[in-house]
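Chemist: Handing you this structure, nothing more for now.
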Amino acid sequence: MNIHVLLKMVPDVVEELEIAADGKSLAPESLRMILSESDGHALEEALLLKERYGGQVTVLALDSPELDDVLFTSLAKGADRAVKVTGVETGLTSRRAARILSQVIAATDGLMPADLLLTGTQAIDDLDGLVGPLVAHFLRLPFVAIVVQVGVDAATGTATVVKEYPGGVRGEFEVRLPAVLGIQAAEKPPRYVPVAKVRAVAKSRRIESLPAPSQLEPPLVEVLQMMKPEVAGHAEMLEGPVEKISEKVCEILAERGLV
Amino acid sequence: MAGNIWVLTEQWRGEVSEITYEVLALGSEVAAALGVKLEAVLLGHKVKSLVARLGKADAVLYVDHAALAEPTAEAQSAALAQLIKEKQPRSVLIPLTNVTLGVGTLIAAQLELPGVNFCKDLRVVDGRLQAHCVLYGGKMEVLVTGLREPAILGISPGTRPAEKGQEAGTPVIEEVAVALPEVPSVRFKKYIEPEAGGVDITKQDVLVAVGRGIQTQDNVALAEELAEALGGAVCGSRPVIDQGWLPLSRQVGKSGAIVKPKLYLAAGISGAPEHVEGMKNAALIIAINMDPDAPIFNLAHYGIAGDALEILPALTEEVRRTSKKKAG
């Protein structure tokens, strides 16, 4: 089994986000980049599949601040190969990012054919499309989103995948391989790897750098303005020592007959 | 371009989903502003009777095909892309839910059209359509426009009240044939129903919800104690369920349950749009979060910018004291 995991770095929204001088994008200096959460699940699912069926897991990502750390962490967790696509500007649209990743995958020795390409189902900045279906389209592969379980039948060249629907309902699908799957959640929580192991891997292993294709396609969506959310309403904030806050909350609940 | 505004009907398991009506209400405003018609697109197999529920639309384009019996992004996008090429709408509005996720992106990719996600509103400015979108888990918003028409717009839940899209009417029906692959690469096999039994969180008056801010599985007990003191149950946001700290049956939000309790006390939940979708109609929302800018505070009635791990036990004690006083 040859499994590729497409990783995407996104701003950590726990940090204060600031708008750049152009009024249309985030100020890069205000950002701390982290791995998109569902991409972490895509990596975990790939590692679980490798444990179950054998094979090789390759992680691929467009260059970004903090990316090396994420790639070394992926290697420390059990990925076999880490590829970084360099020469890309940050803050690319999903469409451009997906096009570049697809071109690199199609053009690089040993990356195709793959059996499965996994991505997170959705990232917090997927404004102009989701990376999974875009890559599936560019590589002419089938696609399923919101996947929470994957089983592979090598004999028939198919995977049985379970996807989430609303209200706790799930649906089972048979997908012809190779395929792109948007992973919502891995079958187990993403594994933890100690920092010391990541440091050791950073010394002993190598991240492959591949240049991005120079041709960027014209954008199809234009951002006119970025703004902080207009707040229609805001909670009445309760302040003071914890005991006072607790008393106040109890009063509010008592007024409504909830205690 | 003179084309009409289209809304993709989300029909799932023989029912029109509520979000379809929300998007029809939004679409009718846009169509009126542009002076064009509102058309609903209904894809499925033997679901023609659902047309009667789409009275808000001026017309319904109905595609009946065995490959559309269950929603796969592949078949839906292939069918819709053919219709768009043939009929050239002005814009296509697609509900953004777990049923239709990926459809808009695939169509936009196939037809090289602008695709836009996470729309919370649409407006017409100088004859051009602008989308107002929510990014970064609700921390930022953008106004965007497509550089070509039609734009394929993914509409988040909650843009308009569903009732506004549930008008009676007799839309014109146009049945359209499409060609879909005989052997699909993605084949539906079966539905897996949620496990029955245990606590039904949709039936609770009081819910204490925990999110990532609860930090460890052990700390979920703090919420359980408060829920017990209040005679309610514990539920959680996606990260808590994914970590396995609470079972799937306790998940609130897009993939989980939609709840409307008398009290929703959210501890360590930031208020990402996917979660808010499941709890925004609770009668009373009290939120505890370390981040004073967390989006949950824009929705909550009362907020506490602090550490849930400190506040939950203190609150539990206070609730027990108050209940005792009342009982005594």
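Respectively, the protein sequence lines represent chains R and X. The first sequence begins at -12 in our numbering and counts up by one. The second sequence begins at 6 in our numbering and counts up by one. Beta carbons: idealized from backbone N, C-alpha and C, even for Gly.
Please return the same chain residues whose Cβ sits closer than 6 Å to the Cβ of R206(R), not counting the five positions on each side in sequence.
Modeler: Note on identity: in this sequence residue 206(R) is Pro, with Arg being the wrong assignment. Once the five neighbours on either side are set aside, P206(R) has no close Cβ partner at all.
Chemist: Indicate whether S190(X) and R163(R) have their beta-carbon atoms separated by less than 8 Å.
Modeler: yes
Chemist: Rounded to the nearest angstrom, how far is the Cβ of L29(X) from that of G170(X), given a contact under 8 Å?
Modeler: 4 Å
Chemist: Assess, as a yes-or-no matter, whether the segment 234 to 243 of chain R is touched by the segment 117 to 135 of chain X under the definition of 3 or more beta carbon pairs within less than 8 Å.
Modeler: no
Chemist: Which parts of the segment 207 to 239 of chain R are runs of the beta strand (DSSP E), unbroken and 3 residues or longer, counting only runs that do not cross its ends?
Modeler: Taking only runs of at least 3 residues, the beta strand (DSSP E) segments lying wholly in the segment 207 to 239 of chain R are 208 to 214.
Chemist: Give a yes or no on whether the C-beta atoms belonging to I170(R) and E5(R) are separated by under 8 Å.
Modeler: no
Chemist: On the DSSP letters alone, give me the boundaries of the alpha helix (DSSP H) that V281(X) sits inside.
Modeler: 278 to 284
Chemist: Which residues mark the beginning and the end of the alpha helix (DSSP H) in which F59(R) is found?
Modeler: Per DSSP, the unbroken alpha helix (DSSP H) holding F59(R) starts and ends at 54 to 64.
Chemist: 8 Å is my cut-off, CB to CB: does M6(X) come that close to chain R?
Modeler: Below a pLDDT of 50, predicted positions are generally treated as unreliable, and M6(X), at 47, falls in that range; the measurement from the model is reported next regardless. Chain R, which has no Cβ nearer than 8 Å to the Cβ of M6(X), makes this no.
Chemist: Between which residues of its own chain and W11(X) is the CB-CB distance below 6 Å, once the five residues before and five after are set aside?
Modeler: E44, V46, P94, V97
Chemist: Considering only C-alpha positions, which residue in the set V118(R), K215(R), S196(R) is nearest to V(-3)(R)?
Modeler: V118(R)
Chemist: Rounded to whole angstroms, how far is the Cβ of L58(R) from the Cβ of L(-7)(R), which I believe are closer than 8 Å?
Modeler: L(-7)(R) and L58(R) do not touch by the CB rule: their CB atoms are close to 12 Å apart, not below 8 Å.
Chemist: Identify the residues that DSSP records as bridge partners of D69(X): which are they?
Modeler: G49(X)
Chemist: Pick helix, strand or coil for R178(R), following the three-state DSSP scheme.
Modeler: coil
Chemist: Decide if M6(X) is buried, meaning its Cβ has at least 16 other Cβ atoms within 10 Å, or exposed.
Modeler: A caution first: M6(X) carries a pLDDT of 47, below 50, which makes its placement in the model unreliable, though a value can still be read off. Exposed, because fewer than 16 other Cβ atoms sit within 10 Å of the Cβ of M6(X).
Chemist: For a contact meaning CB atoms closer than 8 Å, what does P119(X) contact in chain R?
Modeler: D115, L207, V208
Chemist: Check this for me: beta carbons of V324(X) and L253(X), under 8 Å apart or not?
Modeler: The answer is no: Cβ separation not under 8 Å.
Chemist: Along the chain, which unbroken stretches of the beta strand (DSSP E) at least 3 residues long are found entirely within the segment 200 to 255 of chain X?
Modeler: Within the segment 200 to 255 of chain X, the beta strand (DSSP E) runs of at least 3 residues that lie entirely inside it are, in chain order, 211 to 215, 238 to 241.
Chemist: Between the C-alpha atoms of A172(R) and T73(R), what's the straight-line distance to the nearest angstrom?
Modeler: 28 Å
Chemist: Please check if any C-beta of chain X sits within less than 8 Å of the C-beta of R157(R).
Modeler: yes
Chemist: Can you find at least 3 beta carbon pairs, one from the segment 152 to 160 of chain X and one from the segment 104 to 113 of chain X, that sit closer than 8 Å?
Modeler: yes
Chemist: In three-state terms, what does DSSP make of S33(X)?
Modeler: Looking at S33(X) - three-state DSSP - the assignment turns out to be helix.
Chemist: Out of D247(X), Y67(X), A80(X), D126(X), which one is the CA nearest neighbour of T105(X)?
Modeler: A check of alpha carbon separations from T105(X) across D247(X), Y67(X), A80(X), D126(X) identifies A80(X) as the nearest.
Chemist: Output yes or no for whether 8 Å exceeds the beta carbon distance between V44(R) and G78(R).
Modeler: no
Chemist: Grab me the residues of G60(X)'s own chain with a C-beta within less than 6 Å of its C-beta, minus the 5 sequence neighbours each way, in chain order.
Modeler: E172, A173, G174
Chemist: Mind listing which residues of the segment 98 to 126 of chain R have their C-beta closer than 8 Å to chain X's C-betas, in chain order?
Modeler: T108, Q109, I111, D112, D113, L114, D115, G116, L117, G119, P120, L121, A123, H124, F125
Chemist: List, in order along the chain, the chain X residues whose C-beta lies closer than 8 Å to that of H(-9)(R)?
Modeler: Within chain X, no residue comes near H(-9)(R); the closest Cβ sits about 18 Å away, beyond 8 Å.
Chemist: Within this structure, are the beta carbons of G283(X) and A299(X) separated by less than 8 Å?
Modeler: No.
Chemist: With which residues is R163(R) paired in a DSSP beta bridge?
Modeler: T145(R)
Chemist: Beta carbons nearer than 7 Å to chain R: which residues of the segment 189 to 213 of chain X have them?
Modeler: From the segment 189 to 213 of chain X, only S190, V191, R192, F193, K194, K195, Y196, I197, E198, P199, V211 have a Cβ closer than 7 Å to chain R.
Chemist: Please name the residue or residues paired with P100(X) in a DSSP beta bridge.
Modeler: Its beta-bridge partners are I160(X).
Chemist: Just checking, does the segment 181 to 189 of chain X make contact with the segment 137 to 146 of chain R on the three C-beta pairs under 8 Å criterion?
Modeler: no
Chemist: Check the DSSP bridge columns for Y335(X) and list the partner residues they point to.
Modeler: The shown model of chain X, from 6 to 333, leaves out residue 335(X), and the question about it has no answer.
Chemist: With L225(R) and G308(X) assumed to form a contact (beta carbons below 8 Å), what rounded beta-carbon distance in angstroms separates them?
Modeler: 7 Å
Chemist: Can you tell me where the alpha helix (DSSP H) with Y40(R) in it begins and where it stops?
Modeler: 24 to 40
Chemist: Checking the sheet assignment: what are the DSSP bridge partners for L140(X)?
Modeler: M145(X)
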